[in-house]
DNA sequence: TCAAAAGTGTTGACTTTACACCCATGA
DNA sequence: TCATGGGTGTAAAGTCAACACTTTTGA
């Protein structure tokens, strides 16, 4: 059609986009932990009057010069003091009415941390671990975000050893099995579970055994180095 | 710690967030099609001087009052004239340097459309179908986005019948198998493929047969109604 | 009658599940 | 010596992969 196509330049685009500059971007982190055979999530009491007495996920606005992952890491670091954490992007939520103070699009990440070995600075009692099972209602659309992240975690459990990040560095196969059972909400057969795990070759036998258990101690394992942290995303070359 | 927590209200938040209002949001659609036993993607010649002579995905900025899915549908509608399209969010890309004109975070969707039965209004020759196989380089980080969407599509192929949206309403099992082969890049055994598909119970036998084929015509099938469009996401109640 | 694809079952290999006993340790 | 979980193998069921011939249609 007769329309002329004039090439834009970065500079001209910058100007024409001003009309769109009233959307805010945040990240929300579904921080999973595991303790007492129970999958937990770290929540904070909402500081929004609209959601008084409800908990919410941990999140923050993304800074103009900050990558999305960096923002998530910052939230984790600020809230838990941890920086060696498994983190994965799950989904972006952007309904126009999801936030009472205006248009806020949020990119949801889940992360997996070991509650016990990193005693995190729960710097005030409004920040606490909650059993995932017991959570009925959260501020904003955070219950939906939690549910979707939990689904993602469940999908990943059998395909990748990421869930080991919920356990201490060294763990027994029993602990790992209990973790799987907590995430999936099913009971697993011990022999079959061990067989399956050993076939995957995710773990190394570190030649140590449990201590302080009131029964025969089990062998301890560690996640192989190459499975730690995120599977690298394909790098981008142009 | 001694810090006082004052409840925010929507109104006070709105003001304090002004500092963040210089990030733009876009959606990019990886529009897959299928023709001549080849998986294709709809690309447009980039109108950015920085990417002269490169193609890019179809996308647009999200309007302040527009849901993310709505923005993707709008892009599809504007570019293809279609509005009954399968659409799925894949991932969000937000590296600070991914766009030459400033901070643009993009939410990538893939969509599946049937090239033949909806002759789309390719309103100028800068908008064209390209074989996915032959694409080496695209504008921005669009090659990365394409690769990740293609991976997602490949994952979905065996778990869900969404790929049928790439075929006409009525199709033969041969056509479906060829589509699977094109997406996965492998050859499949005809008997095993048919067995597997019939076990899934995704299709209904509509009691029609192919016409205009120079050989014995095959039976035609249709995707069962409940598998059309997106699997509904869990609704959110608070 | 030829060319082309439709339609259809069986076998062996492999994977998954169900299941039970003896062992090592701490209390 | 008891209670607790550690550690291990096998058989049956189910799933997956490989493979070939007859049928139907149009040209």
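Protein chains in written order, with this note's numbering: chain A, 1 to 238; chain B, 239 to 476.
Virtual Cβ for every residue (Gly too), placed ideally from N, Cα, C.
1) Shorter than 8 Å from the beta carbon of residue 44/A to some beta carbon of chain B?
2) So, does the CB of residue 96/A fall closer than 8 Å to a CB anywhere in chain B?
3) CB of residue 365/B to nearest heavy atom of the ligand MG: below 7 Å?
4) Using only alpha-carbon positions, find the residue among 395/B, 274/B, 409/B and 304/B that is nearest to residue 455/B.
5) Chain A beta carbons: is any one of them nearer than 8 Å to that of residue 427/B?
6) By how many angstroms is the C-alpha of residue 275/B removed from the C-alpha of residue 417/B?
7) Quick one: which residues of the stretch 60-80 of chain A get their C-beta closer than 8 Å to a C-beta of chain B? List them in chain order.
8) Looking at the structure shown, is residue 23/A part of a helix, part of a strand, or coil, going by DSSP?
9) Comparing C-alpha positions only, which one of 400/B, 407/B, 397/B and 431/B sits nearest to residue 446/B?
10) I need the DSSP call for residue 65/A, collapsed to helix, strand or coil.
11) Nearest to residue 139/A by CA position, among 23/A, 54/A and 31/A, is which residue?
12) Taking C-beta pairs closer than 7 Å, name the residues in chain A that residue 449/B reaches, listed in chain order.
13) In chain order, what residues of the same chain lie with their CB nearer than 7 Å to the CB of residue 415/B, ignoring the 5 residues before and after it?
14) I want to verify the contact list: residues of chain B whose CB lies under 7 Å from the CB of residue 156/A, in sequence order.
15) Three or more C-beta pairs under 8 Å: does that hold for the stretch 44-63 of chain A against the stretch 266-274 of chain B?
16) Alpha carbon to alpha carbon, how far is residue 115/A from residue 79/A?
17) So with Cβ pairs under 8 Å, would you call residue 128/A a contact of chain B?
18) Taking Cβ positions only, does residue 105/A come closer than 8 Å to chain B?
19) Which residue's Cα is closest to the Cα of residue 306/B: 84/A, 52/A, 107/A and 156/A?
20) Counting beta carbon pairs with one atom in the stretch 96-113 of chain A and one in the stretch 149-159 of chain A, are three or more of them shorter than 8 Å?
21) Determine whether the beta carbon atoms of residue 23/A and residue 105/A lie at a separation below 8 Å.
22) Hey, does residue 135/A have any beta-carbon neighbour from chain B nearer than 8 Å?
23) Which runs of the beta strand (DSSP E) spanning at least 3 residues fall entirely within the stretch 167-233 of chain A, listed in chain order?
24) Output yes if chain B places a C-beta closer than 8 Å to the C-beta of residue 87/A; else output no.
25) Report all residues from its chain with a CB closer than 7 Å to the CB of residue 50/A; omit the five preceding and five following residues, and keep chain order.
26) Below 7 Å CB to CB, which residues in the same chain sit around residue 329/B once its five sequence neighbours on both sides are set aside?
27) From residue 44/A to residue 61/A, what does the alpha carbon distance come to, in whole angstroms?
28) When DSSP labels each residue in this structure, what does residue 136/A get in the three-state scheme?
29) Rounded to whole angstroms, what is the Cα-Cα separation between residue 117/A and residue 33/A?
30) Please name the residue or residues paired with residue 294/B in a DSSP beta bridge.
31) Compare the C-beta of residue 225/A with all C-beta atoms of chain B and state if any pair is closer than 8 Å.
32) Grab me the residues of residue 258/B's own chain with a C-beta within less than 7 Å of its C-beta, minus the 5 sequence neighbours each way, in chain order.
33) What separation, rounded to the nearest whole angstrom, lies between the Cα atoms of residue 467/B and residue 164/A?
34) Of all the CB atoms in chain A, is at least one closer than 8 Å to the CB of residue 291/B?
35) Report the partner residues of residue 342/B according to the DSSP bridge assignment.
Judging by the given coordinates:
1) no
2) yes
3) You won't find the ligand MG in this model; it holds no ligand whatsoever.
4) 409/B
5) no
6) 7 Å
7) 61, 62, 63, 64, 65, 66, 67 and 68
8) coil
9) 407/B
10) coil
11) 54/A
12) Correct list: empty, because the minimum Cβ distance to chain A is about 36 Å.
13) 426, 428 and 431
14) None at all; the shortest Cβ gap to chain B is about 12 Å.
15) no
16) 13 Å
17) no
18) yes
19) 107/A
20) yes
21) yes
22) no
23) 203-209 and 219-223
24) no
25) 100
26) 346 and 386
27) 16 Å
28) coil
29) 11 Å
30) 282/B
31) no
32) Note on residue 258/B: pLDDT 46, under 50, position unreliable in the model; the coordinate value appears next. Cβ within range, chain order: n/a, list empty.
33) 36 Å
34) no
35) 262/B
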